[in-house]
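Visitor: Counting with mature numbering (1 follows the signal peptide of the UniProt record, and there is no 0), you get residues -25 to -1, 1 to 355 for the letters of the sequence shown.
Glycine residues also receive a C-beta, built at the ideal position from the N, C-alpha and C atoms.
Here the structure is a predicted model, which is why all the values come from computation and not from measurement.
Supplied in structure tokens, the structure appears directly below.
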Amino acid sequence: MMKMRRWIPAVLAATLLAGCTNPLSKDNKEVVTQKGGEESSTIIPNTKTDGQYYRTLLPYKKSASRGLIVSNIHSSYDIKEAELGLNRISQKSFDPDKYFFQEGQYLDKDTVSSWLARKNQDPKGLNPSDKGLSPTKRAKEAPVYLAHIVEQNYLTQSGKNSVKLSGVSIGLALNSVYYYQKEDFGATYEEPINDAKLMEEGKKIAEKVVKRMRSMEGLANVPITVGLFKQSPRGAIVPGTYETFTQVGEGKSSIADWKNINEEYLLFPMNNPSDQYREVNDNFKVFKDNINNYFTNSANIIGTGYYTQDKVQSLKIQIPIKFYGSSEITGFTQYTATEVVKQFPKDLAVEVSITSVDGPEALIVKESGAAETFIHLYND
């Protein structure tokens, strides 16, 4: 079963949602935010989500290091996951029902750039010195481990008319592969970084970051959560993931222990899937074959699965098409929605994005546990 809905594009929806949260509404609350002795007026939206998302304060404050992530992280997939994955980790420490989200306000561009440097380039650099090393030796003995630092702030209401910083989360984006050139403008070489070594170095860096943050104004006592994010290699079409995280209590400057994170992004179809992926992979192959058998104008169909808690929890499918008529697109979308329900387990969340050279054409969503899909045709 499917339901046709005239949805609006996600970006526009987010914009309208923010607009609907009218700062002048009596349901919203104006409070005072304090940072470094300075006060500013802030709006707390009264609207709550389903517990998976944090409410944000208005006006929305952009990150103090905004813009660096685009140049420091390889792909848009990793950029998105470095931020969203840290948000998920933060929920283990900061309850979305009690905390408000704000982009990081303490680590500015100069600070982050300084910390990302090599030790011989900047005294505060957290990456190893490469002084006196040849390009090949540098790649093997002193690669750049730390690529970027993501900061997120979590605030709580303090009294009736103010909010305060009550938690900070830090994501340390680490390179799984070191790319280098032996000569200027020469060929690019790559040196994979051993996973165990990468995590070892990441944990050492985390210790230094926490100690430095404790000396910054306003951060001496707040709880700090740190996650280690392993980037995917360049050219990968699935994002990397957070491998481990730690929670540092109020006022503490040392890290006691780390907790492993069991999650992974997977590309479907797989040629030789392991047992835990086999069912979804078989389902995907049947789905793909049926789509291609009935509509030869569909091109390469791929899926990205999110694996956690010992199973594939969600699947996002991309279907590029070569249709030209709106009726043909409608028919294709309806057939695809039917196949989603038929081929995939009921508890698997599935999202199908149908695109053409003109852009997005249709979106199909089946939520986990649902027996029906929702469809939006963008140009209907």
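(1) Let me know the secondary structure DSSP gives Thr271 once reduced to three states.
(2) What do you get for Glu13, buried or exposed, if any count of 16 or more other CB atoms within 10 angstroms of its CB means buried?
(3) Write down the C-beta distance between Leu173 and Val213 rounded to the nearest angstrom, noting that I regard them as a contact closer than 8 Å.
(4) Please report the straight-line C-alpha distance between residue 365 and Leu108, rounded to a whole angstrom.
(5) Pair every Cβ in the segment 149 to 167 with every Cβ in the segment 64 to 81, then say whether three or more of these pairs are closer than 8 Å.
(6) Which residues does DSSP pair with His351 in a beta bridge?
(7) Just reading off the beta strand (DSSP E) that Gln293 is part of, what are its end residues?
(8) Would Ala312 be called buried (16 or more neighbouring beta carbons within 10 Å of its own) or exposed?
(9) Taking the straight line between their C-alpha atoms, what separation do you get for Glu218 and Leu203?
(10) Can you check whether the C-beta of Glu58 is within less than 9 Å of a C-beta belonging to chain B?
(11) Give the straight-line distance between the Cα atoms of Glu176 and Asn128, rounded to the nearest whole angstrom.
(12) Give the DSSP-derived three-state secondary structure of Phe298 in the structure shown.
(13) In angstroms, rounded to a whole number, what distance separates the CA positions of Ala181 and Lys234?
(14) Mind checking which residues open and close the beta strand (DSSP E) that includes Tyr282?
(15) Taking Val201 and Ser141 to be in contact with their CB atoms under 8 Å, please state how far apart those CB atoms are, rounded to whole angstroms.
(16) Measuring CA to CA, which of Asn102, Glu126, Lys139 and Ile124 is closest to Glu116?
(17) Out of Ile276, Gly79, Ser65 and Arg41, which one is the CA nearest neighbour of Tyr28?
(18) How about the segment 258 to 265 and the segment 312 to 323: do they share at least three Cβ pairs that are nearer than 8 Å?
(19) Nearest to Ile345 by CA position, among Lys227, Lys286 and Ala324, is which residue?
(20) Apart from the five residues on each side of it in sequence, which residues of its chain come closer than 6 Å, Cβ to Cβ, to Leu352?
(21) Give the straight-line distance between the Cα atoms of Ala162 and Ala57, rounded to the nearest whole angstrom.
(22) In whole angstroms, what separates the C-alpha of Glu165 from that of Asp159?
(23) Suppose you measure from the CA of Arg113 to the CA of Ile168; what does that come to, to the nearest Å?
(24) With DSSP as the reference, identify every bridge partner of Leu156, one or two as the case may be.
(25) I need the straight-line Cα distance from Ser207 to Ile18, nearest angstrom please.
(26) Which one of Asp250, Phe259, Asn247 and Val185 has the shortest CA to CA distance from Ser229?
Guide: With the given structure in hand:
(1) Locating residue 271 in the sequence shown gives position 296, where the first residue counts as 1. Here Thr271 sits in coil by DSSP.
(2) Looking up residue 13 in the sequence shown gives position 38. Any answer about Glu13 is weak, because its pLDDT of 49 lies below 50 and its placement is not dependable; what the coordinates show is given next. That one is exposed.
(3) What you label residue 173 is simply residue 198 of the sequence shown in a count that begins at 1. What you label residue 213 is simply residue 238 of the sequence shown in a count that begins at 1. About 18 Å separates the two Cβ atoms, so there is no contact after all.
(4) This structure leaves residue 365 out entirely; the chain is present only between -25 and 355.
(5) no
(6) For the purposes of this step, residue 351 is taken as the residue at position 376 of the sequence shown. Looking at the DSSP assignment, His351 forms a beta bridge with Leu338.
(7) Residue numbering aside, residue 293 sits at position 318 when the sequence shown is read from its first letter. Where Gln293 is concerned, the enclosing beta strand (DSSP E) stretches over Lys286 to Pro295.
(8) Within the sequence shown, residue 312 is the residue found at index 337, counting from 1. Under this definition Ala312 is a buried residue.
(9) Position 243 of the sequence shown, counting from 1, holds the residue named residue 218. Position 228 of the sequence shown, counting from 1, holds the residue named residue 203. Spanning the two alpha carbons is a distance of roughly 6 Å.
(10) No chain B is part of this structure, which consists of one protein chain only.
(11) Translated into the one-based positions of the sequence shown, residue 176 becomes position 201. Translated into the one-based positions of the sequence shown, residue 128 becomes position 153. The straight-line gap from Cα to Cα measures roughly 25 Å.
(12) Here the question's residue 298 lines up with position 323 in the sequence shown. Taken through DSSP and simplified to helix, strand or coil, Phe298 comes out as coil.
(13) Within the sequence shown, the letter at position 206 stands for residue 181. Within the sequence shown, the letter at position 259 stands for residue 234. Taking the straight line from one Cα to the other gives about 14 Å.
(14) Within the sequence shown, numbered from 1, the residue matching residue 282 stands at position 307. Run containing Tyr282: Ile277 to Thr283, per the beta strand (DSSP E) assignment.
(15) On the sequence shown, residue 201 is found 226 positions in, with the first residue counted as 1. On the sequence shown, residue 141 is found 166 positions in, with the first residue counted as 1. Between Ser141 and Val201 the Cβ distance is about 16 Å, and since that is not below 8 Å, they are no contact.
(16) Taking the sequence shown and counting its residues from 1, the one referred to as residue 116 is at position 141. The residue with the shortest Cα to Cα distance from Glu116 is Asn102.
(17) Position 53 of the sequence shown, counted from the first residue, corresponds to residue 28. The candidate whose alpha carbon is nearest that of Tyr28 is Ser65.
(18) Counting Cβ pairs under 8 Å, three or more are found: they touch.
(19) Sequence index remark: in the sequence shown, residue 345 carries index 370 (1-based). The amino acid occupying residue 345 in the given sequence is Ala; Ile does not appear at that position. Here the closest residue by C-alpha is Ala324.
(20) Here residue 352 refers to the residue found at position 377 when the sequence shown is read from its first residue. The residues are Ala337.
(21) Indexing the sequence shown from 1 puts residue 162 at position 187. Indexing the sequence shown from 1 puts residue 57 at position 82. The alpha-carbon atoms of Ala162 and Ala57 are separated by roughly 29 Å.
(22) Residue numbering aside, residue 165 sits at position 190 when the sequence shown is read from its first letter. Residue numbering aside, residue 159 sits at position 184 when the sequence shown is read from its first letter. Approximately 15 Å between the Cα atoms of the pair.
(23) In the sequence shown, the residue the question calls residue 113 occupies position 138. In the sequence shown, the residue the question calls residue 168 occupies position 193. Distance between the alpha carbons of Arg113 and Ile168: 12 Å.
(24) Numbered from 1 along the sequence shown, position 181 holds the residue referred to as residue 156. Before going on, a small fix: residue 156 reads as Gln here, not Leu. Gln156 pairs with Thr163.
(25) Along the sequence shown, read from residue 1 onward, the residue named residue 207 stands at position 232. Along the sequence shown, read from residue 1 onward, the residue named residue 18 stands at position 43. Cα-Cα distance, rounded: 38 Å.
(26) Reading the sequence shown from its first residue, position 254 is the one you call residue 229. The shortest C-alpha separation from Ser229 is found at Val185.
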